[in-house]
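Read the structure below first, then the notes.
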Amino acid sequence: MLSNVVVDGSGYWELNYTTNRTGIFDIVVSFAGDGNYDVFSNSTTFTVNKNSTNSSIIVNPNPAQIGENITVSGVLVNHTGIGFVNVTVDGNFFTDVIVDVSGYWELNYTTNRTGTGLEVIVSFAGDGNYDVFSNSTIFIVNKNSTNSSIVVSPNPAHIGENVTVSGHLANFTGVTSVNVTVDGMLSNVVVDGSGYWELNYTTNRTGTGLEVIVSFAGDGNYDAFSNSTTFTVNKNTTNSTIIVNPNPAHIGENVTISGQLANHTGVGFVNVTVDGNFFTDVIVDVSGYWELNYTTNRTGTFDVVVSFAGNENYTSFTNSTSFNVTKLVVNSTVNIPNDVKVGKIITFDGVLVDEDDNPIANAPINVTVGGKVYSLTTDSNGRWSLTYKPTHTGNVNIMVDYAGNDNYSSYTNTTTFNVVKGQVIVDIDVVKNSDGSVDVIVTVTDEYGDPIPDYKVSVELDGKNIGNIVTDILGIGKIHIPTNKLSDGRHVITVSSDNANYNVNPVSAEFETQNNKNDTNNTNKTSDNPVATATMKNTGIPIIAIILVLISVFGISIRRKQN
Numbered sequence: 001m002l003s004n005v006v007v008d009g010s011g012y013w014e015l016n017y018t019t020n021r022t023g024i025f026d027i028v029v030s031f032a033g034d035g036n037y038d039v040f041s042n043s044t045t046f047t048v049n050k051n052s053t054n055s056s057i058i059v060n061p062n063p064a065q066i067g068e069n070i071t072v073s074g075v076l077v078n079h080t081g082i083g084f085v086n087v088t089v090d091g092n093f094f095t096d097v098i099v100d101v102s103g104y105w106e107l108n109y110t111t112n113r114t115g116t117g118l119e120v121i122v123s124f125a126g127d128g129n130y131d132v133f134s135n136s137t138i139f140i141v142n143k144n145s146t147n148s149s150i151v152v153s154p155n156p157a158h159i160g161e162n163v164t165v166s167g168h169l170a171n172f173t174g175v176t177s178v179n180v181t182v183d184g185m186l187s188n189v190v191v192d193g194s195g196y197w198e199l200n201y202t203t204n205r206t207g208t209g210l211e212v213i214v215s216f217a218g219d220g221n222y223d224a225f226s227n228s229t230t231f232t233v234n235k236n237t238t239n240s241t242i243i244v245n246p247n248p249a250h251i252g253e254n255v256t257i258s259g260q261l262a263n264h265t266g267v268g269f270v271n272v273t274v275d276g277n278f279f280t281d282v283i284v285d286v287s288g289y290w291e292l293n294y295t296t297n298r299t300g301t302f303d304v305v306v307s308f309a310g311n312e313n314y315t316s317f318t319n320s321t322s323f324n325v326t327k328l329v330v331n332s333t334v335n336i337p338n339d340v341k342v343g344k345i346i347t348f349d350g351v352l353v354d355e356d357d358n359p360i361a362n363a364p365i366n367v368t369v370g371g372k373v374y375s376l377t378t379d380s381n382g383r384w385s386l387t388y389k390p391t392h393t394g395n396v397n398i399m400v401d402y403a404g405n406d407n408y409s410s411y412t413n414t415t416t417f418n419v420v421k422g423q424v425i426v427d428i429d430v431v432k433n434s435d436g437s438v439d440v441i442v443t444v445t446d447e448y449g450d451p452i453p454d455y456k457v458s459v460e461l462d463g464k465n466i467g468n469i470v471t472d473i474l475g476i477g478k479i480h481i482p483t484n485k486l487s488d489g490r491h492v493i494t495v496s497s498d499n500a501n502y503n504v505n506p507v508s509a510e511f512e513t514q515n516n517k518n519d520t521n522n523t524n525k526t527s528d529n530p531v532a533t534a535t536m537k538n539t540g541i542p543i544i545a546i547i548l549v550l551i552s553v554f555g556i557s558i559r560r561k562q563n
């Protein structure tokens, strides 16, 4: 290191130098010469040995409190060029704490336990210039007081509302949980690394002084504390949805009326009115859901009202809706026999039911057959029946008609059945009168023996048509054959018909006459005496009975022949 040093008037010079390493140092003094003095150079040596050093230790503040940030610092003596020291605080080792150019070092430390002899050690491992050193001291850490803020949000709240109760601990280090009591309900709440804690709470009653208490029982580092505040919970409004299923419904159908309460906490019952029928204390479950089963008993528009009278927690409410109940659709079977003939008694029947196949009892219905209306009433099983005798062939309409009522819709069902020709019995009686004339009497009946009126037959005498007969209401028709149309001997009466409704073959009756026209006083002559009969059976195949009547003044002989 070269320096230009001033020489004073006495020839004295001086240089101050701070050693910065150990070993043997050379000192050379030289003069370059001038016009008066020659050049010179002189030298010597000196030795620099290692120095000892140490450090002061200051803990501030001392005593400290738990959780407090303290400054541990010191100044090295005989300091030149030492850049770092090691510092141990309560067993926590911090390497390479920087030493500034003035020898000062400093460490910030947050206390995390209490004690009266917490040690601080400052050490240096030594180097080529300085010897090793270690210095120590102790400090005191006392318990700290802590407390917590309390925030309730929202405040005021409503019943059933979720509120957040939270806070932040002061002077916090290492407290992991606090006790929080909300309106008498105790919870242990976790405190995070920043001292913050939070509790979610659902209000379940109203009041203006609901208390929140935050407390800590104390430990080795912190004193116990308790802090409190109050908050307000007001009544809440609530309402309910109303759902009717099915809607529309049918008369007699079971419907479910239900709903869901809004803002629900602790409402146990609601009142439900359906079509004027009041149902008290319909249970509300823990989710706010309620349900009522109701069987409809009329048609029309039904009002549904859901109400709550209110209590200390909820204000009253009323909500309403309506639903429609419609008539049930009706149907009826119509059973028709397979074999329908003119004159054959048949029975139509059926069952009147609703759309759910339930029979409709005691219901008045009209059954129209071939244009004629029959008024009937269903029995207890919904069954109806009608006895009917067809009078003509062809397609016949049958219509079942129900007018409906307050509960059931009207209904009409029409179908068609075919009537074929029926079976008929034609009887012929030939009666001789006292004047020698003959009456032919035709009796027409169906297979049940019932007379068939307005039945037209053609009458032939010995193969020649002599006229037509139309039966009366009793099924009887008559034609008169005068004497002048009859000669003595055997005669044949043939009756035939082309009736569209009945199958019939010609029927014949044979008779014989012997008339004494001059003997009017003959006591053996009679009137209204049948002299021949014939019948066509209901098979449609005629069985001809021939009765030969021999009439004479001497007596009557009868001969009957049946084929």
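Under the UniProt record's numbering, the first residue of the sequence shown carries the number 1, and numbering increases by one thereafter.
Even glycine gets a Cβ: it sits at the ideal position worked out from N, Cα and C.
- Taking C-alpha positions only, D406 is separated from T326 by approximately 9 angstroms.
- For P506, there is no enclosing beta strand (DSSP E), since its DSSP letter is neither H nor E.
- As computed with DSSP, L386 is found in a beta bridge with F348.
- Assigned with DSSP and collapsed to three states, K485 falls in helix.
- Classified as buried, L118 has 16 or more neighbouring CB atoms from the shown chains inside 10 Å of its CB.
- Contact between E68 and N144 holds, since their C-beta atoms are separated by about 7 angstroms, short of 8 angstroms.
- With fewer than 16 neighbouring CB atoms inside 10 Å of its own CB, E355 falls in the exposed class.
- Taking T318 as the centre and dropping the five residues before and after it, the same chain places the C-beta of S307 closer than 6 angstroms to its C-beta, in chain order.
- The alpha carbon of I473 has as its nearest neighbour, out of N465, K456 and D462, the alpha carbon of K456.
- Residue pairing by DSSP puts R490 in a beta bridge opposite E512.
- Going by DSSP, W290 is part of the beta strand (DSSP E) stretching over Y289 to T295.
- The segment 198-210 and the segment 157-175 touch, with no fewer than 3 CB-CB distances between them shorter than 8 angstroms.
- Here M399 is bridged, per DSSP, to T368 and T414.
- In the three-state scheme derived from DSSP, where H, G and I count as helix and E and B as strand, P453 is classed as coil.
- Here P390 is buried, its C-beta having at least 16 other C-beta atoms within 10 Å.
- K50 sits in coil when the DSSP states are folded into three classes, being neither helix nor strand.
- Contact annotation: the segment 329-338 does not touch the segment 288-300, with fewer than three C-beta pairs closer than 8 angstroms.
- Contact between N395 and T416 is confirmed by a C-beta separation of about 5 angstroms, below the 8 angstroms threshold.
- Under DSSP, V101 forms no beta bridge with any residue.
- If one requires a minimum length of 3 residues, the beta strand (DSSP E) runs lying completely within the segment 173-222 are 177-182, 185-190, 196-202 and 207-216, in chain order.
- Per the C-alpha coordinates, the member of H392, I479, V420 and V400 positioned closest to V430 is I479.
- Listed as beta-bridge partners of V284 by DSSP are W290.
- In this structure, DSSP gives V305 an extended state, which the three-state scheme calls strand.
- In the three-state reduction of the DSSP assignment, P359 falls in the strand class, which pools E and B.
- Under DSSP, L461 takes part in a beta bridge, and its partners are K464 and I493.
- Under the DSSP assignment, G128 falls outside any beta strand (DSSP E); it carries neither an H nor an E label.
- Counting along the chain, the unbroken beta strand (DSSP E) around N245 starts and ends at I243 to N245.
- By the C-beta criterion, the segment 19-39 is judged to be in contact with the segment 126-144, since at least 3 inter-stretch pairs fall below 8 angstroms.
- For L328, the CB contacts under 6 angstroms within the same chain, skipping 5 residues up- and downstream, are H250, I251, D354, E355 and Y408 in chain order.
- If the five residues before and after T114 are omitted, its C-beta is found closer than 8 angstroms to the C-beta atoms of I66, V141, N142, K143, G220 and N221, all from its own chain and listed in chain order.
- For F31, same chain residues with a beta-carbon under 7 angstroms away, outside a window of 5 residues either side, are Y37, V39 and F40 in chain order.
- Remark: C-beta atoms of I428 and V444 do not approach each other more closely than 7 angstroms.
- The DSSP-derived three-state label of L474 is coil.
- The beta carbon of S497 lies closer than 6 angstroms to those of V457 and V504 in the same chain, with the five residues before and after it left out.
- Of the residues S10, H79, G11 and V29, the one whose Cα lies closest to the Cα of N4 is V29.
- Taking a 10 Å sphere around the C-beta of A361, we find fewer than 16 other C-beta atoms and assign the residue as exposed.
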